[in-house]
Structure formats: C-alpha cells, structure tokens
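J.: Number 113 marks the last residue of the sequence shown (the UniProt record's numbering); no jumps.
In this text, a Cβ means the ideal position worked out from N, Cα and C, and glycines have one as well.
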Amino acid sequence: MITIYHNNRCSKSRQALELIQNSGQEVNVIHYLSDTPTIEELKGLLHKLKLGPEDLLRKSEKLYKEVYVGQHLTSEEWLQVLVQHPVLLERPIVVNGDKAVIGRPPENVLTIL
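1) Would you call the segment 67 to 75 and the segment 18 to 34 touching, i.e. three or more CB-CB distances under 8 Å?
2) Assess contact between the segment 95 to 102 and the segment 39 to 50, defined as three or more Cβ pairs (one per stretch) separated by less than 8 Å. Is contact present?
3) Taking three-plus beta-carbon pairs below 8 Å as touching, is the segment 47 to 55 in contact with the segment 23 to 35?
4) Give me, in chain order, the residues of the same chain whose beta-carbon lies closer than 8 Å to that of V83; leave out the 5 immediate sequence neighbours on both sides.
5) Comparing C-alpha positions only, which one of R104, V94, H72 sits nearest to Q25?
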C-alpha cells in the first residue's frame with residue numbers, strides 16, 4: 001500500500017494523489033496537518049528519503065521566513081519544529097515500502113509506484 005502525507009489545499013499534493021490513484025494501487029492518505037507525524041515517524045521518513053530534517057522544511061512558508069530563517073538548529077530541534085508546526089513540512093511525501101519521495105514535482109511519485 002502507498003502512503004501519502006497529504007495537504008488537500010496544495011495543488012502538487014492533489015496531483016501526486018491523483019497519479020497514485022490512477023496507478024490502481026491502494027493508497028493510505030494521511031492529512032499531516034491534523035494527523036501530525038511524531039518525531040519517530042519523521043525519523044523513519046527521513047531514513048527512507050535519505051534526507052535530513054532541514055531538507056523537509058518548506059522554506060517558502062511565511063512562518064519559516066518570519067521565525068526560522070537563518071537559525072542553526074540541531075537535527076533534533078528541527079524535528080521538534082516540524083512536529084510543532086506541520087505546515088513547515090514539505091509536501092507531499094509518498095511512501096512505498098522502504099522507499100519514499102517528495103512529490104515535487106508530482107511525477108516524482110512515479111519512481112516508486
């Protein structure tokens with residue numbers, strides 16, 4: 001089963017979800033703004049993505065620009081920030097088994113379907 005960390009208000013996230021649905025595979029949709037991943041879940045995603053916490057930050061978000069730009073936090077501190085402010089989490093994140101991609105552009109999801 002494919003899992004997508006989804007924000008329905010995001011066009012890229014909607015496009016990625018549509019690609020998954022069109023593939024015919026089952027999809028588990030996690031609305032991460034209301035069902036925020038834990039630090040342990042984020043660590044698991046980062047491992048599958050082969051990225052660090054800062055790589056998951058949406059640096060175009062107003063909150064990031066107003067509060068976090070230029071800050072040099074530890075990985076653990078960035079994870080805390082992502083749990084406290086899930087709006088800063090890059091989207092969508094799509095997981096298939098032990099592989100994951102960020103669906104920007106949405107066609108990235110095709111690499112793990």
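T.: Short version:
1) Remark: fewer than three beta-carbon pairs, one from each stretch, lie closer than 8 Å, so the segment 67 to 75 and the segment 18 to 34 are not flagged as touching.
2) Taking 8 Å as the limit for Cβ pairs, the verdict is that the segment 39 to 50 does touch the segment 95 to 102.
3) The segment 47 to 55 is not in contact with the segment 23 to 35.
4) Within the sequence shown, numbered from 1, the residue matching residue 83 stands at position 83. Exclusion of the five residues before and after V83 leaves T36, P37, T38, I39, L42 as the residues of its chain whose Cβ lies within less than 8 Å of its Cβ.
5) Along the sequence shown, read from residue 1 onward, the residue named residue 25 stands at position 25. When R104, V94, H72 are compared, the shortest CA-CA separation from Q25 is found for V94.
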